[in-house]
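Top line first, the protein sequences correspond to chains A and B.
Taking my numbering, the leading residue of the first sequence gets 352, the next gets one more, and so forth.
Taking my numbering, the leading residue of the second sequence gets 352, the next gets one more, and so forth.
Every residue, glycine too, gets a C-beta built ideally from N, C-alpha and C.
Note that this is a predicted model, so its numbers are computed, not measured.
Here's the structure, in structure tokens; my notes come after.
2 protein chains.
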Amino acid sequence: MKNKFRDLEPMLKPKSVAIIGVSRDPNKVGNIIFQNYVNAGYSGKLYLVNKNAEEINGIKVYKSITEIKQSIDLVVIAIPAPFVPDVVEECGKAKAKSIVVVSGGFAEVGEVALQQKMVDIANKYNIPLLGPNCLGVMDPRSRIDTLFLPTYKISRSSIGGVSFVAQSGAVGSTILDLISGEGFGLSKFISYGNAAQVDEIDILNYLMHDDETKVVVMYLEGIKRGKEFIELAKTITKIKPVVVLKAGRTQAGASAAKSHTASLAGSYEAHEAVFRQFGFTIANDLSELLYYAKIFASEPMPKGPNISVITDGGGTGVLTADAIGSSQHMKLGTFSDEVAKKLRKLMPILVNIRNPLDLAGDADSKRYSDAILTLKDDKNIDMLVVIALFQTPGADSRLAAELIKIKQESEKPMIVISMGSQYTTMHKIMMESGGIPVYDSPSSAISSLSALYDYYEFKKGNNYI
Amino acid sequence: MKNKFRDLEPMLKPKSVAIIGVSRDPNKVGNIIFQNYVNAGYSGKLYLVNKNAEEINGIKVYKSITEIKQSIDLVVIAIPAPFVPDVVEECGKAKAKSIVVVSGGFAEVGEVALQQKMVDIANKYNIPLLGPNCLGVMDPRSRIDTLFLPTYKISRSSIGGVSFVAQSGAVGSTILDLISGEGFGLSKFISYGNAAQVDEIDILNYLMHDDETKVVVMYLEGIKRGKEFIELAKTITKIKPVVVLKAGRTQAGASAAKSHTASLAGSYEAHEAVFRQFGFTIANDLSELLYYAKIFASEPMPKGPNISVITDGGGTGVLTADAIGSSQHMKLGTFSDEVAKKLRKLMPILVNIRNPLDLAGDADSKRYSDAILTLKDDKNIDMLVVIALFQTPGADSRLAAELIKIKQESEKPMIVISMGSQYTTMHKIMMESGGIPVYDSPSSAISSLSALYDYYEFKKGNNYI
């Protein structure tokens, strides 16, 4: 495998980093990257390079990378495009182990020859080069962060199991911001822009072998090495789930993609067929990408398709039953006699013992807990959907805390649906941080459970995807 | 029309209100309703009724409504179900003009006879009765608020043009909370629960004639008077848009709806056919209900289906082009030669003059403003979609302020897509309050524009719905 794929370890776990193009101006890209290293608490060696400066923030600045005379795992390049090939040449001479080029101004604006010149030099020295026209990489474990976006604009995620791969910087940064806002954690973030050299194949191969990555989530505009992609696709989903959003599904989108990252989007139908055959989970929108990422990151394998819905709002229970009814494989389970009897004793007389179980608008954390702890042992129920509407009088922080406690003991997939503004958002973040995937509509919740189920059926040999 | 439909004016614009079942306990339903009247600043006459109290919060408490001896427009009843019929009888004797029964414990738990007894009494006195098992009504203009949900749990909306009708209290309160969180305003909120007497027909008829209502948004579990509904449906969409979410689409959902509000959901296909024939906008989920409500509340009629996309993130532009490409009637417009020339002069050389117009990751409010002000006069462009990713370096509060300014001068529909966490949310609320509908994904934005276009085409005689 080593020969076919470029080694991204020095890029994601660097012991030393050089930033080329650091400026004194705090609004310049190079300076923001430097500040983010400081903010992230990167503890490896950090070198700054700028032809026109001697010192920035009290740190020595080198004229050229060749002056450093130390081993450098990663070079981040943030200078105007025309100067990049010469600097890559210097990186080669300095025996740098990997390069991220964040600068734009290459193939995406027609400068194909300039881009090729840069790649040829990197290839000559056998250095993996990410970009150009990209945000680069982030890894909250190694505290590497090449993003040129200030932290007040885009929150950084906590440590977790989701690795996110995006060709587009904007899509990538949006997703990164959403992930951190939702409170679930990140393993790796890789934005690879024009994919001039390192491409989705190298990245997928790296993430497949990366134990810190539990689920791979990809935004793709095009695939360059189709044969290698299929070869990888055969293997990766046997090891971990891969969620993919492919842009350029339509003619309008494909044509826009060509202008954006100089990608040939290819036939969407052909891509989709490959994704389905090899058990990729297909997202149709950015929000679906996020929904699926978080369910794969936290939930165990469901034993079957039977869902129990527990709710403090009847109408939302009905809508969730509809979402289950419209899904291809999900089922509304029937409580076993034993469990139904137990629930009848525990619940107030106004509560009908049926699925969805409507605990009524005055339900408190005790009633939720009685219901869920009973249902989680029902052999007829494989997955739990808890609707917690914090608008009702009995739902408060005690309910959120109780659900987190139950979740930690649950061996079945268990997710929550909560919808609302401030008061609800506070509790959503609390529950997400406590390890519960929280959804903002019945349809997103059920389609996520369905994606989870379909993936594990695929692994068993039943391809439902 | 008067004879067929019950008059809801005294319920929504009451000059005097009596609350029956007010308690000293601040957590009891009757007390929360009373507190909400105080909070809302209701300025009409307010009477409290409780058999067992003489005074609450320094206000005189009557033993019975018959003791008040004043004209009462609205009676809110919040006492246990078995006592309700006798109190309705007293309301009749006191010549009350309308009743809202928030108490549960009627047909939804099998107490059909008790419910019928209550309705018979209301009918005898010809009093419109809303509920039981409902949240009741809210109108930020008349400051009426019968909801028994505390304001810290569920924010109250500002004054606006959206009237929201829900059979389910939980769905209603969730939507109300979401509406207020999004920052767009409400005309009326009506939660009618079991629909024992006043039903969707009465409510629709009232809202059709209500000038404060610009768009009607409904969550339905079942329709009881089919013939009258069809008669109304023929008329209402000629006057204003109606967005409908019908629960019980599937067998699972229909069966849950029956248990919830004792509704017979009927065949969804039959309902859908009626909705389509008469130009209702069909939502498939709670989130769609909200997306469509806000576009109808703020946007003018589009002259045609041609969209221009302006973005600071290429990838999000591609996904939006895909959403347009997959929609039935929306088109990605081609800039007129004149506009293209003007843009070429105004934009930096790295910006390709094509649709989607990718302003690049360093776009600031000036570049946005140059682009949008040029495009809004293009005869080839009917609608504007502005993607503002606040994660990029140049996008900040100046951009939000500039977009609000441009929006106020735009005669074409113009919406924004912004996705992200805290920093973005702040700007989303700012823009929503400034009159711009903001969407959190390309697909929700485009499907909303499509709903807007289809409705106005329906009004012109082209039924695309």
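Inset, instruction - Please name the residues in the region 627 to 639 of chain B whose beta-carbon is closer than 8 Å to at least one beta-carbon of chain A, in chain order. - result: Asn635, Asp636, Leu637, Ser638
Legend entry - Residue nearest to A/Met569 in terms of C-alpha spacing, selected from A/Ser394, A/Ala584, A/Leu480: A/Ala584
Inset, instruction - State the DSSP-derived secondary structure class of B/Lys578, mapped to helix, strand or coil. - result: helix
Inset, instruction - Return no unless some Cβ of chain B is closer than 8 Å to the Cβ of A/Ser772. - result: yes
Legend entry - Neighbour flag for A/Leu537 against chain B, beta carbons, 8 Å: no
Legend entry - 4-residue-minimum alpha helix (DSSP H) runs that sit fully inside the region 512 to 554 of chain B, ordered along the chain: Within the region 512 to 554 of chain B, the complete alpha helix (DSSP H) runs of at least 4 residues are 520 to 533.
Inset, instruction - Would you list, in sequence order, the uninterrupted alpha helix (DSSP H) runs of no fewer than 4 residues that lie entirely inside the region 714 to 789 of chain A? - result: 716 to 726, 748 to 760, 773 to 784
Inset, instruction - Identify which residue in B/Ile510, B/Pro501, B/Leu500, B/Phe499 has its Cα closest to the Cα of B/Pro491. - result: B/Ile510
Inset, instruction - Pick helix, strand or coil for A/Lys487, following the three-state DSSP scheme. - result: In the sequence as displayed, the identity of residue 487 of chain A is Gly instead of Lys. In the structure shown, A/Gly487 sits in a strand (DSSP, three-state: E or B).
Inset, instruction - Could you confirm whether any beta carbon from chain A is found closer than 8 Å to the beta carbon of B/Asp663? - result: yes
Inset, instruction - Using only alpha-carbon positions, find the residue among A/Gly392, A/Tyr398, A/Ser374, A/Ala429 that is nearest to A/Ala404. - result: Of A/Gly392, A/Tyr398, A/Ser374, A/Ala429, the residue nearest in Cα terms is A/Ser374.
Inset, instruction - Whole angstroms is fine: what's the gap from A/Phe647's alpha carbon to A/Glu689's? - result: 32 Å
Legend entry - Straight-line Cα distance separating B/Lys448 from B/Val368: 10 Å
Legend entry - For B/Gly544 and B/Leu596, the rounded distance between their alpha carbons: About 16 Å.
Legend entry - For B/Ser638, the three-state DSSP class (helix, strand or coil): helix
Inset, instruction - Give the DSSP bridge partners of B/Glu441, in chain order. - result: Answer by DSSP bridge pairing: none, since B/Glu441 is not bridged.
Legend entry - Close Cβ partners of B/Leu834 (< 6 Å) along its chain, the five nearest in sequence each way excluded: Lying before the first or after the last residue shown, residue 834 of chain B is absent from chain B, which here runs from 352 to 816.
Legend entry - Under 8 Å from the C-beta of A/Leu529: neighbouring residues of chain B: Met770, Gly771, Ser772
Inset, instruction - Using only alpha-carbon positions, find the residue among B/Val451, B/Ile423, B/Asp424 that is nearest to B/Pro436. - result: B/Val451
Inset, instruction - At 7 Å on the CB atoms, spell out the chain B contacts of A/Ile675, in chain order. - result: Ala603
Inset, instruction - Spell out whether any CB of chain B is found under 8 Å from the CB atom of A/Phe457. - result: no
Inset, instruction - Could you please tell me which residues of the region 738 to 752 of chain A, in chain order, have their CB closer than 9 Å to any CB of chain B? - result: Ile738, Leu740, Phe741, Gln742, Thr743, Pro744, Ala746, Asp747
Inset, instruction - Check each residue of the region 374 to 397 of chain A: if its Cβ is closer than 9 Å to any Cβ of chain B, include it; give the result in chain order. - result: For the region 374 to 397 of chain A, which is checked against every Cβ of chain B, the residues closer than 9 Å are Asn378, Val380, Ile383.
Legend entry - Alpha carbon of B/Ala547 to alpha carbon of B/Glu418, nearest angstrom: 27 Å
Inset, instruction - Specify, as a first and last residue, the run of the alpha helix (DSSP H) that B/Leu694 falls within. - result: DSSP places B/Leu694 in the uninterrupted alpha helix (DSSP H) bounded by 688 to 697.
Inset, instruction - Could you round the C-beta distance between A/Asp528 and B/Gln742 to whole angstroms and report it? I think they count as a contact, below 8 Å. - result: 5 Å
Inset, instruction - Starting from the C-beta of A/Glu753, find all residues in its chain whose C-beta is less than 6 Å away, skip the five residues before and the five after it, and write them out in chain order. - result: Ser716, Ser720
Inset, instruction - Would you list the one or two residues that DSSP bridges to A/Leu708? - result: A/Ile661
Inset, instruction - Identify every residue that forms a DSSP beta bridge with A/Thr632. - result: Its beta-bridge partners are A/Val594.
Legend entry - Euclidean distance between Cα positions of A/Ile633 and A/Gly599: Looking at the two C-alpha atoms, the distance is approximately 14 Å.
Legend entry - Ranges of the alpha helix (DSSP H) found wholly within the region 373 to 414 of chain A, counting only runs of at least 4: 380 to 391
Legend entry - Test item: CB-CB of A/Thr662 and A/Ile738 under 8 Å: yes
Legend entry - Limits of the unbroken alpha helix (DSSP H) element including B/Leu359: Run containing B/Leu359: none; DSSP gives neither H nor E here.
Legend entry - Beta carbon of A/Met681 nearer than 8 Å to that of A/Ser801: yes
Legend entry - Within-8 Å CB hit, A/Arg600 to chain B: yes
Legend entry - Exposure of A/Arg507, with buried meaning 16 or more beta-carbon neighbours within 10 Å: buried
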